[in-house]
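2 protein chains.
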Amino acid sequence: MRVTVLGAGYIGSAMACVARRRGHDVRLWGTWLDDAIVDVCERGELHPRLKLSLDRIQILRSGRLAEALAGSELVVHAVNSDGAIPVMTRAAPSLPAVPVLSVTKGLLASPRTGQMERIDVVLAETLGRPLRFVHAGGPAKAMELARGVLTWMQFAGAAEDTGLCAGAMADETLLVGQTEDRTGAELCSALKNAYATGLGLWDGAIGPDAHNARAAAFTQAIVEMRTLVVAAGGRAETVHGPAGVGDLHVTAAAGRNRAFGERVGRGKAARIVAQEMAAAGELTEGYPAIAAAFRFAEERGIGPVPFLRALHEIIWESADVRSVLAGLRWAV
Amino acid sequence: MRVTVLGAGYIGSAMACVARRRGHDVRLWGTWLDDAIVDVCERGELHPRLKLSLDRIQILRSGRLAEALAGSELVVHAVNSDGAIPVMTRAAPSLPAVPVLSVTKGLLASPRTGQMERIDVVLAETLGRPLRFVHAGGPAKAMELARGVLTWMQFAGAAEDTGLCAGAMADETLLVGQTEDRTGAELCSALKNAYATGLGLWDGAIGPDAHNARAAAFTQAIVEMRTLVVAAGGRAETVHGPAGVGDLHVTAAAGRNRAFGERVGRGKAARIVAQEMAAAGELTEGYPAIAAAFRFAEERGIGPVPFLRALHEIIWESADVRSVLAGLRWAV
């Protein structure tokens, strides 16, 4: 099978490794931001982020997008959410009518309504036609995915398309669940970065002996993710599966969003922490994710989401972290 | 209000501190296994495990059980599951008809049927009458509960009784949810020790870079806990709240069950690890919890629970951890 991966960063390259493991003919296309990565890989060196060989994967520079897509039977979309519209707009003329398996997480402003929306909705509006969009949710750190550590993902889309994607990518180490609940799966993926930041706050504000508080916050995050998903037309069961519970677990257990929250929890302004982490080359997806999630809830009048509101106050309205957390009243 | 706590270990003493914080007249009764603890506290020293003062809490030695219970308006049952029948049998003649708020987690063999059962069912059989039993589930490490770190518990029982217990114990730092689903809450509390051990296996078998596998196992644990709870007549929503998701989160994040699993995951026989940990004074509740949970499922023909079955094979049937984990096929 011919598989084209768009985006040569961590997760795109990992998905290319998964496809190669399954014996497919794999092309990995790097965006204009990935040129430096592509240069290194073309010299036969290890992928500079994954530290793995991309041997037997054809790597294409940004100018060769049409060539990368020609004859493809499955497209993996692994560009970050900021790049989704520019990349897919350029890809559209060459894009075969095959499933687009997207590992991209986030919400985007709809050019039509101005409201925060799922990525597949915004792409369909932008391109003027729906894609055969399959969202891949679930806890999948790229390095482990590439190396074949047991991973359980959830593919969400039309049954025919999730079946094709699962058939192409699943193997002994990559378990793939399937659902038609694209709304639930995409929202879970977008929301978990926001809530994972929230779990980090307790580490900073209380210290390591905040197990009860973190577990309470984890539970409340699941409650609010379910509120948001169900109100938006998705299914509670998606929140209780790998895309929700599973992905929040891995995101909250470690990683940059948690670290971001922890530093804010210690009392430093979110804006400063985000600047410092950006300067150190660390993306803090939780920072914009909180704004996007809160806007999503507000625009639709969805609630109650007291934890998300508290996060927004702390991270985006410079409210004092300790007094907001102390005053937090969530539904019990 | 007069509150009597039965059991002067970690969690009983912490519940006594919570009741004292609410201004109640608190009596803390130690079982015959707690005599050494009571001696220390009676000399006015810190509680030897909690390292906190029990000032303004009346502490009674094991021989003074009737006195401890006289005039009590709320009884907190904080004896471990092995002690539940002997303690409540002795307490029964002096026990007022007030709610019994139980923080005890586990399953017991019914003297009537021989099957594994909820503690409140076995106590009612043993005493020949039902208690006003309220199970307290949720992520509540004793030290943090005593110190007033934010904690979210779930009280499960008859609405009148959970209301009385929540009214007596909840405060700004202890949030209390209420449910009539005693089955769900008790099973969650019993099952989480078993599954937390399972999450530890991956750390041992794969190492620290097993985030995806641990998150997959966390998700699968929730799936199987729901299967068991619903089949036993409980509610899925209980599993998705503090008693299930929340308590599994805190138990799996740290603690002895996880450590037990990790050492077994590295390839050492479970029996040996349990012996070593017992010799070091570390209780490994997950060890018997796996046997009890598996027996509970088998006796009722509940399934599929492939992760629990795999745990039982590894921990109780000396199966090779790596080959069992590699062969594990869970429902996706």
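The listed protein sequences correspond, in order, to chains A and B.
Taking the working numbering, the leading residue of the first sequence gets 1, the next gets one more, and so forth.
Taking the working numbering, the leading residue of the second sequence gets 1001, the next gets one more, and so forth.
Even glycine gets a Cβ: it sits at the ideal position worked out from N, Cα and C.
Under the three-state reduction of DSSP, which class applies to residue i: helix, strand or coil?
i, result
"B/L1095", "coil"
"A/W330", "coil"
"B/S1349", "The requested residue 1349 of chain B is not part of the displayed model; chain B covers only 1001 to 1332."
"B/H1312", "helix"
"A/E117", "strand"
"B/D1320", "coil"
"B/D1025", "strand"
"A/A270", "helix"
"B/T1004", "strand"
"A/L131", "coil"
"B/A1280", "coil"
"A/G301", "coil"
"A/G177", "strand"
Excluding five sequence neighbours on each side, which residues of the same chain lie with their C-beta closer than 8 Å to the C-beta of residue i?
i, result
"A/S81", "T104, K105, G106, L107, L108, I119"
"B/R1064", "W1029"
"B/G1083", "G1007, T1031, L1033"
Whose Cβ in chain D lies nearer than 7 Å to the Cβ of residue i?
i, result
"B/K1141", "Chain labels in this structure do not include chain D; the protein chains are A and B."
With a cut-off of 8 Å, does the C-beta of residue i fall near any C-beta of chain B?
i, result
"A/F296", "no"
"A/F260", "no"
"A/A136", "no"
"A/F218", "yes"
"A/L145", "yes"
"A/G12", "no"
"A/G241", "yes"
"A/A215", "yes"
"A/W316", "no"
Looking at chain A, is there any beta carbon in it that lies within less than 8 Å of the beta carbon of residue i?
i, result
"B/E1224", "no"
"B/L1046", "no"
"B/P1304", "no"
"B/I1206", "yes"
"B/V1149", "yes"
"B/L1108", "no"
"B/L1052", "no"
"B/A1319", "no"
"B/G1286", "no"
Looking only at its own chain, which residues have a Cβ that is under 6 Å from the Cβ of residue i, when we skip the five neighbours before and after it?
i, result
"B/Q1178", "F1155, T1162, A1166"
"A/T192", "Per the sequence presented here, residue 192 of chain A reads as Lys, with Thr not at that position. Only D247, L248, T251 meet the Cβ criterion."
"B/H1135", "S1102, A1156, R1182, A1185, E1186"
"B/I1057", "A1016, R1020, V1026, L1028"
"A/A310", "V324, L328"
"B/A1359", "Given that chain B is displayed from residue 1001 to residue 1332, the structure contains no residue 1359 of chain B and the question cannot be resolved."
"A/G71", "R2"
"A/G148", "T173"
Within a Cβ cutoff of 7 Å, which residues of the same chain sit near residue i, ignoring the five residues on either side of it in sequence?
i, result
"A/A297", "L228, G303, V305, L308"
"B/P1048", "I1037, V1040"
"A/S318", "A269"
"A/G233", "T183"
"B/G1241", "Q1154, G1177"
"B/M1206", "Per the sequence shown, residue 1206 of chain B should be read as Ile rather than Met. Only A1213 meet the Cβ criterion."
"A/E299", "Q115, M116"
Compute the minimum distance between the beta carbon of residue i and the heavy atoms of the ligand MN, and state whether it is under 7 Å.
i, result
"B/V1223", "Looking at this structure, you won't find the ligand MN or any other ligand, since it has none at all."
What are the complete alpha helix (DSSP H) segments, minimum 4 residues, inside the stretch 185–267 of chain A?
211–231, 236–239, 247–253, 256–265
Within 7 Å of chain B by C-beta, residues of the stretch 15–42 of chain A in sequence order:
none
Note down, one range per segment and in chain order, each alpha helix (DSSP H) of at least 4 residues found wholly within the stretch 137–173 of chain A.
142–147, 159–169
Pick out the complete beta strand (DSSP E) segments inside the stretch 1067–1092 of chain B, 3 residues or longer, and give them in chain order.
1074–1077
Every unbroken alpha helix (DSSP H) within the stretch 26–66 of chain A, with a cutoff of 4 residues, ordered by chain:
35–42
Listed from N- to C-terminal order along the chain, which residues in the stretch 1075–1099 of chain B have their beta-carbon within a distance smaller than 7 Å of any beta-carbon of chain A?
none
Would you list, in chain order, the members of the stretch 1245–1277 of chain B that have their beta-carbon closer than 8 Å to a beta-carbon of chain A?
V1245, G1246, D1247, H1249, V1250, A1253, A1254
Within 9 Å of chain B by C-beta, residues of the stretch 117–136 of chain A in sequence order:
none
Could you list the residues in the stretch 1174–1201 of chain B with a C-beta less than 7 Å from some C-beta on chain A, going in chain order?
L1175, V1176, G1177
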